[in-house]
Amino acid sequence: AEQMLPLVIEVLPGQAGEGLVDINQPGAYEGKSLRKLCESTLKKKDLTIEEQLILEDINRQLDGGKFLARGQEIESRALEYAVIEETEAGEKYLYVPIRAIKPQEGGL
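Following our numbering, the numbering of the sequence shown begins with 21 at its first residue and continues without gaps.
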């Protein structure tokens with residue numbers, strides 16, 4: 021049943037509450053690793069100003085940092101990290117939040 025749902029990926033910089041969101045239609049993500057989908061999210065064109073700022077934040081985090089989904093590196097297939105969420109209209113979709121995390125330096 022999971023295969024029939026769209027897969028929504030959100031790439032967030034650090035502990036931010038908002039990230040870059042990409043919607044992958046059913047059939048478009050089967051067998052792809054989460055990393056591949058994540059990379060295509062970051063290559064999206066026509067970003068809004070806000071999205072460009074988020075992307076800059078993500079790239080800053082990745083300078084010495086890495087992507088984590090549910091606390092794990094993102095080498096497995098996307099479905100392994102997905103949870104089923106529901107829109108307000110009651111439509112189900114798969115959701116995977118990916119964080120670009122840079123190890124904290126110093127005592128902060």
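Glycine included, C-beta positions come from ideal geometry on N, C-alpha and C.
How big is the Cα-Cα spacing for residue i and residue j?
| i | j | result |
| --- | --- | --- |
| T107 | Y113 | 8 Å |
| L62 | L27 | 16 Å |
| S53 | I104 | 18 Å |
| A98 | Q124 | 27 Å |
| E93 | G51 | 17 Å |
| G39 | L75 | 8 Å |
| A109 | S96 | 31 Å |
| E59 | E111 | 26 Å |
Out of the options, which one is the CA nearest neighbour of residue i?
| i | options | result |
| --- | --- | --- |
| K65 | G84, Q81, I94 and V41 | V41 |
| E71 | K122, Y49 and A36 | A36 |
| Y49 | Y101, A109, L75 and K122 | Y101 |
What span of residues does the alpha helix (DSSP H) with residue i cover, start to end?
| i | result |
| --- | --- |
| R80 | I69 to L82 |
| L57 | L54 to L62 |
Less than 6 Å between C-beta atoms, sequence neighbours within five positions excluded: which residues of the same chain meet that for residue i?
| i | result |
| --- | --- |
| R119 | L32 and L88 |
| I29 | D42, L57, T61 and V116 |
| D77 | P33 |
| K122 | Q81, G84 and G85 |
Whose C-beta lies closer than 8 Å to the C-beta of residue i among residues of the same chain, with five residues either side of it excluded?
| i | result |
| --- | --- |
| R55 | F87, I94 and E95 |
Hey, could you find the ends of the beta strand (DSSP E) residue i is sitting in?
| i | result |
| --- | --- |
| D42 | L40 to N44 |
Quick one: what's got a C-beta closer than 7 Å to residue i's C-beta in the same chain, skipping five residues either side?
| i | result |
| --- | --- |
| P46 | Q23, M24, L25 and P26 |
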